[in-house]
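*Asks:* As they're listed, the protein sequences go chains A and B.
Each position in the first sequence, counted from 1, maps to that position plus 1201 in my numbering.
Each position in the second sequence, counted from 1, maps to that position plus 90 in my numbering.
C-beta: ideal position from N, C-alpha, C; glycine also.
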Amino acid sequence: MLQCHAKSCPQGQSYPLAIRNAELEQLDAEFNADFVTRLMPKLDWAVLRKTAFELGVAELPAEIPTEPTQADLQLIHKVALETRIKEADMVCNGCGHVYPIKDGVPNMLLQDHEI
Amino acid sequence: MSHPTPSLSHFKRSDYQHIYEPAEDTFLFLDALEKEQGFLTDLNPTVCLEIGSGSGCVSTFLATLIGGSGTLFLTTDINPRANAATLSTAHHNHIPLDALRCDLLPSLRHTIDILLFNPPYVVTPSSEVGTHSIVASWAGGIDGREVIDRVLPLVDGALSKRSVFYMVVVNENRPEEIAERMRMCGFGMEVVLGRRAGNEGLKILKFARQA
Chain A
1202 MLQCHAKSCP QGQSYPLAIR NAELEQLDAE FNADFVTRLM PKLDWAVLRK
1252 TAFELGVAEL PAEIPTEPTQ ADLQLIHKVA LETRIKEADM VCNGCGHVYP
1302 IKDGVPNMLL QDHEI
Chain B
91 MSHPTPSLSH FKRSDYQHIY EPAEDTFLFL DALEKEQGFL TDLNPTVCLE
141 IGSGSGCVST FLATLIGGSG TLFLTTDINP RANAATLSTA HHNHIPLDAL
191 RCDLLPSLRH TIDILLFNPP YVVTPSSEVG THSIVASWAG GIDGREVIDR
241 VLPLVDGALS KRSVFYMVVV NENRPEEIAE RMRMCGFGME VVLGRRAGNE
291 GLKILKFARQ A
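#1: Please state if the CB of Thr154(B) and the CB of Pro96(B) are separated by a distance shorter than 8 angstroms.
#2: As an exercise, report each continuous beta strand (DSSP E) stretch of at least 3 residues that is fully enclosed by the segment 1254–1316 of chain A, in chain order.
#3: Go to Gly278(B), then tell me how far its alpha helix (DSSP H) extends in each direction, as first and last residue.
#4: In this structure, does DSSP put Leu1240(A) in helix, strand or coil?
#5: Going straight from the alpha carbon of Thr166(B) to that of Phe207(B), what length do you get?
#6: Can you pull the chain B neighbours of Val1306(A), defined as C-beta to C-beta under 8 angstroms?
#7: Can you look up Leu1203(A) in the DSSP assignment and give me helix, strand or coil?
#8: With 16 as the cutoff for other CB atoms within 10 Å, does Leu242(B) come out buried or exposed?
#9: From Val237(B) to Cys192(B), what does the alpha carbon distance come to, in whole angstroms?
#10: Going straight from the alpha carbon of Arg1250(A) to that of Leu133(B), what length do you get?
#11: Can you tell me which of the three DSSP states Ile232(B) falls into?
#12: Let me check understanding here. Comparing Cα to Cα, which of Arg271(B), Glu266(B), Gly142(B) and His182(B) lies closest to Leu205(B)?
#13: If I measure Cβ to Cβ from Arg235(B) and keep anything under 7 angstroms in the same chain, skipping five residues before and after, which residues do I get?
#14: For Val1258(A), which residues in the same chain have their Cβ closer than 6 angstroms to its Cβ, ignoring the five residues on either side in sequence?
#15: Using CA coordinates, which residue listed in Ala175(B), Trp228(B) and Tyr256(B) is at the minimum distance from Leu283(B)?
#16: Since Val237(B) is in the beta strand (DSSP E), which residue starts that stretch and which ends it?
#17: Is DSSP giving Gly157(B) helix, strand or coil here?
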């Protein structure tokens, strides 16, 4: 989840993180309309939309759909549940710190000298 | 208890030099989750998160128990080999799951519906706490509470309105004191299961918001 990773940035002004040098992976996940509907209010829509657009995955509506159609849900499913960032650098806009994603695992730890 | 334990046949003996090998505490945790199956299914959780997932056995088990297609499973661990092991166990058992390398919890506000934590609960010198290796899977410092006590204040902010938090403890961790601290944050506690394993008095605690 793009959003969850970004939210873990510990710096005050550094959310969301900018994603650079991304290598994406398409997953095949079972579509579950009820699940996507429940997931929507837990997402940071603006960040999800911006990230999905910048990575060229999809163009989501500007506002979170209040009565999502099946097509909306399918699109959110694709963006949030079937797209995994395999490799990337997540860059903090506040301090420039780079959090790497390697083998699909974001590393949010700071080095000892940065704490 | 009949629900199958996740297959761990993809691990080699030597992998357990770097990640915690499922043991009595893990199996008691699985038994407790199975006992809670009806409650957990009724909760209809959207987001589950496990702190310190190690081999990935517990989250994978939970996903097979309540179904993997209607819930987002997130795991954290500070040990990079554990992140990889968790992903491989999920993959080996055909479960979709994400792993994050971080200290305890990412900063999610009122998002988590099921929080799982089998903490480093063993009483050790404080100096053994805070590594990034397999030692971090068990070294709990004074009263085995040093890592537990960093998690407790985060629970209220991380959990959603309808949510539950399960944690493994041993008697040395003073569960009644943990209950008191959580009561002050608005959570009630009950003991789901207890078992004596060697010299460990294990308990699985369940915390939920009080009405």
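*Replies:* Per the coordinate set shown:
#1: Yes.
#2: 1284–1292 and 1299–1303
#3: First-last for Gly278(B): Phe277 to Ala287, but that is the beta strand (DSSP E), not the alpha helix (DSSP H).
#4: helix
#5: 10 angstroms
#6: Pro170, Asn173, Ala174, Leu177, Ala189, Leu190 and Arg191
#7: Because Leu1203(A) sits at a pLDDT of 40, beneath the cut-off of 50, its placement in the model cannot be relied upon, and the point is left open.
#8: buried
#9: 14 angstroms
#10: Cα to Cα, the separation comes out at about 29 angstroms.
#11: helix
#12: Gly142(B)
#13: Asn263
#14: Val1280 and Thr1284
#15: Tyr256(B)
#16: Looking at the DSSP string, Val237(B) is not in any beta strand (DSSP E), and its letter there is neither H nor E.
#17: Coil, per DSSP.
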